[in-house]
């Protein structure tokens, strides 16, 4: 199965091996078994080995969850989140990862890393051991961004491994029809499902706050772009930074993202065309985002562009700190300057899209509104 998308001209990423860790390795036995049953064990024969490894991991995850609950579970549940968290939002491939990396260079901030998102059920007691004996590739699957167990990661993966429905589950069984797309916004799910989602996210936030001794949490998940109102129910004083980028880059890059992640993490060889999926999720995401963010106060919400961030990263971060009232910027500046210098040699992916697709993006109502709002319409 081709791992890169039809639009990819030059892309980075690691070469997959069957023993590499998968997103779902952090699920406990109950949600993993439920996932298999729901999809009628429709696993491509060449992926049975991967599924068996995941099954073994789920037994270990369940055991470690029980141990963590017995030892520090009560302390985690009693942990207060005193500092308003920062949520980085924006469409996939818009620059959210780079922005997250800049924020977490500040030693006063904490963040969920790869291990904590892939093992959310027990990372408080297991993080000192498992990452030392389990190999993780040093690049992400879809680009040349460095990756390690301690790299910042999306908390959406943590929610998946906590058994919460998510559009990301689509990557596990990409050829099946049930996609959990309603969990992108959660505006049409039952109140019980919304409550469960909030409880699981808050527990994960408590576990992070407990581990990092009360530091301000900075989280990044493109899916949260569609959940601003829901997140404010949990954290009324939360800060939000939205990053945008040229749609003619976003679209092919996002298609490549879904293609590569489903190839690497799917229990089926994906046969679908991802274009319609990307169009549909974009509509849901930004209709919800514009509605939810319309009346946010200036000290809780900032818009920035990918071009601005990559062109003047330190100056842009200084502006964010000032507007969001995040405190003295100087401790962050000391860390950001050498980091940004080292990042100048980063090699970006390259894509090509035909004239027909370009025209479809330009004429699509929600993409067109995005381009008008953020200044990407062709002159």
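Residue numbers (my numbering): 4 to 382. We put the beta carbon where it would ideally sit given N, CA and C, even for glycine.
Local Cβ density within 10 Å of residue i, reported as buried at 16 or more and exposed below that
{"i": "residue 159", "result": "buried"}
{"i": "residue 161", "result": "buried"}
{"i": "residue 119", "result": "buried"}
{"i": "residue 291", "result": "buried"}
{"i": "residue 231", "result": "buried"}
{"i": "residue 3", "result": "Nothing can be reported for residue 3, as the shown portion of the chain is limited to 4 through 382."}
{"i": "residue 145", "result": "Because residue 145 carries a pLDDT of 48, less than 50, the predicted location of this residue cannot be relied on, and the following value inherits that uncertainty. Flag for residue 145 reads buried."}
{"i": "residue 312", "result": "buried"}
{"i": "residue 274", "result": "exposed"}
{"i": "residue 295", "result": "buried"}
{"i": "residue 258", "result": "buried"}
{"i": "residue 13", "result": "Low local confidence applies: a pLDDT of 49 at residue 13 is under 50, so the model's placement there is unreliable, with the coordinate-based value given in what follows. That one is exposed."}
{"i": "residue 156", "result": "buried"}
{"i": "residue 45", "result": "exposed"}
{"i": "residue 342", "result": "exposed"}
{"i": "residue 2", "result": "Examination of residue 2 is not possible in this model, given that the chain is present from 4 through 382 alone."}
{"i": "residue 138", "result": "exposed"}
{"i": "residue 89", "result": "buried"}
{"i": "residue 28", "result": "buried"}
{"i": "residue 246", "result": "buried"}
{"i": "residue 96", "result": "buried"}
{"i": "residue 82", "result": "buried"}
{"i": "residue 132", "result": "exposed"}
{"i": "residue 375", "result": "exposed"}
{"i": "residue 116", "result": "buried"}
{"i": "residue 4", "result": "Because residue 4 carries a pLDDT of 47, less than 50, the predicted location of this residue cannot be relied on, and no value is offered for it."}
{"i": "residue 41", "result": "exposed"}
{"i": "residue 316", "result": "buried"}
{"i": "residue 204", "result": "buried"}
{"i": "residue 169", "result": "buried"}
{"i": "residue 189", "result": "buried"}
{"i": "residue 220", "result": "buried"}
{"i": "residue 154", "result": "buried"}
{"i": "residue 284", "result": "buried"}
Proximity to residue i [Cα-Cα], best of the options
{"i": "residue 237", "options": "227, 49 and 244", "result": "227"}
{"i": "residue 329", "options": "303, 375 and 314", "result": "303"}
{"i": "residue 265", "options": "333, 174, 230 and 64", "result": "174"}
{"i": "residue 281", "options": "364, 309, 47 and 65", "result": "364"}
{"i": "residue 23", "options": "60, 39 and 33", "result": "60"}
{"i": "residue 107", "options": "338, 322 and 283", "result": "338"}
{"i": "residue 35", "options": "134, 75 and 167", "result": "167"}
{"i": "residue 332", "options": "150, 178, 320 and 301", "result": "320"}
{"i": "residue 327", "options": "194, 96, 299 and 133", "result": "299"}
{"i": "residue 25", "options": "382, 68, 152 and 130", "result": "152"}
{"i": "residue 71", "options": "33, 314, 105 and 210", "result": "210"}
{"i": "residue 50", "options": "366, 214, 371 and 176", "result": "176"}
{"i": "residue 84", "options": "346, 340, 286 and 218", "result": "218"}
{"i": "residue 243", "options": "87, 149 and 347", "result": "87"}
{"i": "residue 361", "options": "347, 381 and 344", "result": "381"}
{"i": "residue 277", "options": "182, 73, 149 and 56", "result": "182"}
{"i": "residue 335", "options": "322, 97, 109 and 94", "result": "109"}
{"i": "residue 100", "options": "310, 323, 285 and 223", "result": "223"}
{"i": "residue 47", "options": "288, 284 and 267", "result": "267"}
{"i": "residue 344", "options": "32, 105 and 200", "result": "105"}
{"i": "residue 200", "options": "179, 165, 184 and 178", "result": "165"}
{"i": "residue 112", "options": "324, 130, 239 and 359", "result": "324"}
{"i": "residue 39", "options": "154, 359 and 179", "result": "179"}
{"i": "residue 286", "options": "367, 221 and 198", "result": "367"}
{"i": "residue 121", "options": "189, 316 and 64", "result": "64"}
{"i": "residue 371", "options": "316, 75, 310 and 289", "result": "289"}
{"i": "residue 37", "options": "163, 73 and 185", "result": "163"}
Per DSSP, cross-strand counterpart(s) of residue i
{"i": "residue 222", "result": "90"}
{"i": "residue 227", "result": "BP columns for residue 227 are empty, so no partner."}
{"i": "residue 244", "result": "91 and 305"}
Rounded distance between the beta-carbons of residue j and residue i, thought under 8 Å
{"i": "residue 123", "j": "residue 207", "result": "5 Å"}
{"i": "residue 250", "j": "residue 379", "result": "6 Å"}
{"i": "residue 270", "j": "residue 30", "result": "Between residue 30 and residue 270 the Cβ distance is about 12 Å, and since that is not below 8 Å, they are no contact."}
{"i": "residue 369", "j": "residue 225", "result": "Contact flag wrong, Cβ pair sits at about 15 Å."}
{"i": "residue 255", "j": "residue 128", "result": "Not really, about 42 Å apart at Cβ, beyond 8 Å."}
{"i": "residue 235", "j": "residue 241", "result": "6 Å"}
{"i": "residue 308", "j": "residue 377", "result": "7 Å"}
{"i": "residue 103", "j": "residue 114", "result": "7 Å"}
{"i": "residue 78", "j": "residue 213", "result": "6 Å"}
{"i": "residue 229", "j": "residue 260", "result": "About 17 Å separates the two Cβ atoms, so there is no contact after all."}
{"i": "residue 140", "j": "residue 150", "result": "7 Å"}
{"i": "residue 253", "j": "residue 94", "result": "6 Å"}
Alpha helix (DSSP H) runs wholly inside the stretch 126-164, at least 4 long, in chain order: 126-129, 133-136 and 158-164
Runs of beta strand (DSSP E) lying entirely within the stretch 58-128, each at least 3 residues, in chain order: 89-92
Contiguous alpha helix (DSSP H) assignments of at least 4 residues, all confined to the stretch 274-340: 278-296, 309-314 and 316-327
Those runs of the alpha helix (DSSP H) which lie wholly inside the stretch 168-214 and span at least 4 residues: 194-214
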